[in-house]
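First the structure, in the form of C-alpha cells, and then the observations on it.
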Amino acid sequence: MVSVRKVTYGRGGRDILEESPMYGEWRREFEGRGSVHVRIKEETDEGTLKAIGVTEMQRIDRGASPAERKRFFASRVAEMARENRAFRHHMDACVHCGLCIDKCPEYLGTRDPTNSPVGRADLVRRIYRRLNKASDGLLGRDVDDKDLARFLEEVDLDRIWTYYYQCTECRRCSVYCPMGIDQGEITRAVRQIFVEMGMIPEFNARTIRGVYETGNNMYIKKEAAQNVLDFVLDDMRQETGRDFKAAMDAERADALLLPSSTDFFSNIGTLKGEIAIMDELGLDWTLDSRALEVANFGLFEDEAHLKYIGDNYVNAALRRGVKMVVFGECGHGWRAFKNYVAPRLEAMGVQAISITQLTAWALRKGRLRVDKKVDAVVTYHDPCNLARAGDLIEEPRFVLRSVVKELRERVHNREKTLCCGAGGGLLTDELMPLRVWAGWPSVYDSLRTGAQYMVAPCSIDKAQFPAVIQYHKAPIKFKGVSDFVYAAMYGLDVDKIA
Amino acid sequence: MNAVIYALFIVLPYVSLVVLIGGSTYRVLRWATTPKGGGGLYLGLYRLVNRAGQRSYLSAVGHILARMLAFHTIPKNSYGRDYGTWLSVFLFHWGVFLLIAFHLHLWMPWLRVGAEAMYVMGMATGTIALGAGLFLLARRVGLRRIYGLALNALDDYVAITWVVLIIALGLAMRALAPPGLFGEAVAWATGLSSLHPEPPPAFPLFYAHVLAVELFMIYLPFSKMAHPFTFPVNPVLYGKFEDVDEVRRRVEEELGW
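Protein chains in written order, with this note's numbering: chain A, 1 to 498; chain B, 499 to 755.
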C-alpha cells in the first residue's frame with residue numbers, strides 16, 4: 001500500500017506508483033518517511049552570489065543567528081501580505097478542504113502530504129495567521145515580541161526551504177482549488193524572501209550567472225554558438241539537399257529568433273525545426289549572440305532577476321531593430337515572456353509571438369507546406385506554463401495534427417496537465433529521486449495512450465523526461481514539436497535528425 | 499419582554515447585521531486595496547490569471563460564478579474522482595442558499611404559501627443540508643486519516659459545526675413549533691426591519707436557533723467563512739489574457755499574409 005487513498009485510473013486498478021517497474025525503489029526512498037530528506041543544495045559560492053547581485057539584494061547577513069533569521073523571515077511574510085494582493089488572498093482564502101493534495105504531481109510522486117499545495121502553504125500560513133491573529137488585526141494589536149519569539153521557536157526554516165524547493169510552480173493546484181488558490185505564487189513569494197536572505201539554490205544561481213556573463217544559461221560564447229550553427233546548417237543541407245540561411249547578430253533584421261540554449265547542445269532537432277520554419281517563411285531573421293536563450297530562471301527565484309533576464313530580451317530586440325520577436329520552445333520562459341516581456345515589446349510596436357503560434361498560423365494560411373506527415377503516433381504533454389499560464393493550448397495541437405499521422409489525447413490534457421516534475425528550478429541532480437517520481441504520473445499518462453512519442457515544446461521537459469523514461473524503462477520516446485515539423489517538411493526520419 | 503430577551507433578540511440582531519456587513523466589507527476592501535506588489539507587477543509579472551482561454555472580464559465572471567454555484571472544479575477529471583465530496587458540498591451549499599431564501603418569507607407575509615407546503619419544503623431542504631453537513635464534518639475529521647496530514651485548525655471545526663448546529667436547531671424548532679409560531683416570528687422580523695420592535699415568540703428552540711444565527715453573523719467576517727467574498731479579489735481567477743486573435747491579425751498584417 002503506497003498511501004491510505006490509492007491513486008488509480010478507474011475503479012479497482014493498481015496505484016499508479018505500483019505500475020512502475022521501479023516501485024521497489026520508490027518504497028525504499030519515500031515509504032514511511034516522505035520526501036523531507038530530498039533537499040536542494042543551497043550552498044552557493046560567494047563569487048556566484050556576487051556575480052548575480054544577490055549580495056546587494058541581501059537584507060540580512062548569512063551569519064546572523066537562527067533566531068534573527070527566523071524573525072526576518074516572519075516579518076517579510078507579514079510585509080509580503082501587505083504589499084502583494086495575491087499572497088494575502090492565498091493566505092486568507094484557504095478553507096482546508098484538502099482537495100488540492102492528490103492533484104499535486106509532487107504529492108503523487110512522493111505521497112508526502114506536506115509536499116502538497118496545502119501542506120506547503122500551511123508551513124507559511126501558520127506564521128501569517130499568528131502574526132495577523134484570526135481577526136486580521138482588527139481586534140487586538142499585532143502579536144507582541146515575547147509571543148513572537150516563543151512562536152518562532154517552533155518554526156523550522158530548513159524545513160520550509162526543503163519543501164518550498166520541492167514545488168515546481170506548475171499551478172495545477174490553482175485549477176482544482178475551489179477558491180482558486182495558486183500555490184505557485186506563494187512559492188514565488190517565499191523564494192523571494194529566501195533570496196533576500198542570501199539563500200538561492202546553487203544550480204539556479206549558476207544558471208542565472210550564465211545569463212549575466214554570456215546571455216544564456218549554458219555559458220555559450222558567440223564563437224561556440226556560431227560553430228554549432230554552421231555545423232547544424234551543414235547537417236541540414238546534407239539531410240534535405242537545400243540551403244538554409246541563419247544569421248548571427250545581423251546588423252538589422254525584421255525578426256529575431258530566441259532559441260533555447262539547450263537547442264545548441266542536446267535538442268538539435270528542435271533548432272533545425274526552428275531554422276527551417278523561419279527560412280521557409282522567407283523571413284529576414286537573425287539570432288542574437290547575447291540572447292541565445294528563452295528561459296527565465298528569475299521566475300523561480302525573485303523579481304529582480306526575472307526583470308533583468310526579461311530586459312535582456314527587450315534589449316536584444318532593440319539592438320537588432322526588429323519588428324517581431326519569435327520565441328522558441330520553452331514553457332516557463334513563455335510565462336515570463338508573455339507576462340513581462342511581451343507587454344514591453346508591444347508598447348514599442350514590436351510583435352512578440354511564439355514559434356508554435358507562428359507555425360500554426362503559417363500552416364493554417366498555407367504558408368508552410370507539409371507533403372507527407374511523419375508516420376508516428378504521438379501524444380502531447382501540455383507544458384504547465386503554456387497550458388495554465390500561457391494561453392498556448394490549441395496551437396501546438398494544430399501543428400502536430402498537421403505534421404504527424406496521429407495525435408492521441410492523454411487523460412490529463414490541457415489545463416489539467418501533469419507536471420514533468422522538474423519545473424520551478426528543480427532540474428538539479430541532487431533532486432533526482434524526487435524528479436523521477438514526480439515526473440512518473442505524466443509519463444504513465446502518456447504510456448496509457450499507446451503513443452510512440454511524447455511531445456512537448458519545452459526545454460525543461462526535454463531535459464527531464466528522457467531521464468524519467470529511462471529510469472522507469474518506459475517504452476516511449478520524447479521529442480520537441482519543431483522536430484516533427486522539420487521531419488515532416490522534408491520527409492525525414494524524426495529519430496535521425498538530432 | 500425582560501431585559502435579557504430585549505438585549506438578545508432586539509438589540510443583538512442589529513449589532514450582528516452591522517458586524518456582518520461592516521466586517522465583510524472591511525475584509526474585501528483590505529484585499530482589494532492591497533497593492534499588486536512593487537510597480538504594480540506581481541513579483542515581476544503583469545498577469546497571474548491561470549485559466550487559459552479566458553478572454554474577457556465577462557468570461558472571468560462566468561467562470562467564478564460557475565465555481566461558486568456549481569463547484570465544478572471538485573469532481574474535475576483527475577485521479578480518484580471525488581463525487582461524494584462534490585455531491586455533499588453541492589447539497590450543503592444549495593441547501594443553505596435555499597434555506598436563506600425561504601427565510602425571506604418572514605418579511606413577505608403577503609406571499610401566500612400553504613402551511614403544509616412550507617413545512618415540507620423547509621424540512622426537506624433542511625434535512626438534506628443537515629445530512630450533507632454531517633457528511634462534510636465526518637470527512638473533515640477523517641482528513642488526517644485520508645492524507646496523513648494534520649490539516650484542520652480550530653476554525654475549520656468550529657465553522658462547519660456551527661452551521662450544522664444552526665440547521666439542527668432550526669429543524670427541531672420547526673418540528674416542535676406551536677401553531678402560531680410563524681405568525682409571531684413574522685411580527686418580530688417585520689418589527690425589526692421597520693424599527694418598531696415586537697417581542698419574539700416565547701419558544702426556547704426559537705431563542706436558541708436565532709441566537710446561534712446572530713453569533714454566527716458576528717463570527718463570519720473574521721473566519722474562513724469569509725471565503726465566498728475572496729473570489730472577486732483573486733488575481734489568479736479574475737483577469738484578462740490578451741486577445742490572441744488580435745495578435746495573430748497584427749502579425750499576419752506585418753508579414754503581408
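Built from N, CA and C at the ideal position, the CB exists for glycine as well.
Predicted, not measured: the structure shown is a model, and the values here were computed from it.
Paired residues, beta bridge with residue i - DSSP
i      : result
A/T379 : A/R408 and A/M454
A/Q351 : A/M324
A/A304 : None, per the DSSP bridge assignment.
A/V374 : A/V404
A/K103 : Looking at the DSSP assignment, A/K103 forms no beta bridge with any residue, so it has no partner.
B/K534 : A/N84
Distance cut-off 7 Å: residue i Cβ against heavy atoms of the ligand SAH
i      : result
A/I186 : In the structure on display, the ligand SAH does not appear, and there are no ligands present to speak of.
Residue i - DSSP class collapsed to helix/strand/coil
i      : result
A/Q58  : coil
B/L543 : strand
B/T571 : coil
A/W285 : strand
A/A247 : strand
A/K365 : coil
A/K496 : coil
A/T8   : coil
A/Y471 : helix
A/P343 : helix
A/F30  : helix
A/G13  : coil
B/R565 : helix
A/S116 : coil
A/Q238 : helix
A/A224 : helix
A/R414 : helix
C-beta neighbour in chain A for residue i, strict 8 Å
i      : result
B/P733 : yes
B/T532 : yes
B/H725 : yes
B/Y555 : no
B/G668 : no
B/T659 : no
B/V760 : Past the boundaries of the shown model lies residue 760 of chain B; chain B is included only from 499 to 755, so the question cannot be answered.
B/V509 : no
B/L596 : no
B/L543 : yes
N-terminal and C-terminal residue of the alpha helix (DSSP H) that residue i is part of
i      : result
A/C256 : Looking at the sequence shown, residue 256 of chain A is not Cys but Leu. Counting along the chain, A/L256 falls outside any alpha helix (DSSP H), though it belongs to the beta strand (DSSP E) covering A255 to L258.
A/K70  : P66 to E83
A/F478 : Here A/F478 belongs to no alpha helix (DSSP H); instead the beta strand (DSSP E) covers K477 to K479.
B/S522 : L510 to T531
B/Y736 : Where B/Y736 is concerned, there is no enclosing alpha helix (DSSP H), given that its DSSP letter is neither H nor E.
B/W608 : Counting along the chain, B/W608 falls outside any alpha helix (DSSP H), and DSSP gives it neither H nor E.
B/F633 : A613 to Y645
B/L667 : L652 to L674
A/F337 : Here A/F337 belongs to no alpha helix (DSSP H), and DSSP marks it neither H nor E.
A/G210 : E202 to T214
B/V594 : Y581 to H601
A/T449 : From DSSP, A/T449 is part of no alpha helix (DSSP H); its letter is neither H nor E.
B/Q552 : Taken as a continuous stretch (DSSP letters only), B/Q552 belongs to no alpha helix (DSSP H), as it is neither H nor E.
B/H694 : It is not in any alpha helix (DSSP H) - B/H694 carries neither H nor E in the DSSP assignment.
CB contact below 8 Å: residue i versus chain B
i      : result
A/K462 : no
A/K245 : no
A/N227 : no
A/Q58  : no
A/K365 : yes
A/A93  : yes
A/P21  : no
A/R130 : no
A/Y340 : yes
A/I52  : no
Cutoff 8 Å: residue i Cβ touching any chain D Cβ
i      : result
B/I572 : Included in the structure are the protein chains A and B, with no chain D among them.
field: Interface residues of the stretch 303-336 of chain A facing chain B [CB-CB below 9 Å]
entry: Cβ contacts with chain B: E303, A304, H305, L306, K307, G310, K323, M324, R335 and A336.
message: Beta carbons nearer than 7 Å to chain A: which residues of the stretch 631-646 of chain B have them?
response: Under the 7 Å Cβ criterion, the stretch 631-646 of chain B contributes L641, R643, I644, Y645 and G646.
task: Please list the residues of the stretch 157-182 of chain A that have a C-beta atom closer than 9 Å to any C-beta atom in chain B, keeping them in chain order.
output: Hits within the stretch, in order: R171, R172, S174, V175, Y176, C177, P178, M179, G180, I181 and D182.
- prompt: Taking any Cβ of chain B, which residues in the stretch 204-219 of chain A have a Cβ under 7 Å from it, in chain order?
  reply: Those would be none; no residue qualifies.
message: Against chain B, which members of the stretch 455-482 of chain A pass a CB distance test of less than 9 Å?
response: Residues of the stretch 455-482 of chain A with a Cβ closer than 9 Å to any Cβ of chain B: none.
message: Tell me which residues of the stretch 80-106 of chain A have at least one Cβ-Cβ distance to chain B shorter than 9 Å, keeping chain order.
response: Those would be M80, A81, R82, E83, N84, R85, A86, F87, R88, H89, H90, D92, A93, C94, V95, H96, C97, G98, L99, I101, D102 and K103, in chain order.
task: Check each residue of the stretch 558-569 of chain B: if its Cβ is closer than 7 Å to any Cβ of chain A, include it; give the result in chain order.
output: So the list reads R565 and F569, given in the order they occur along the chain.
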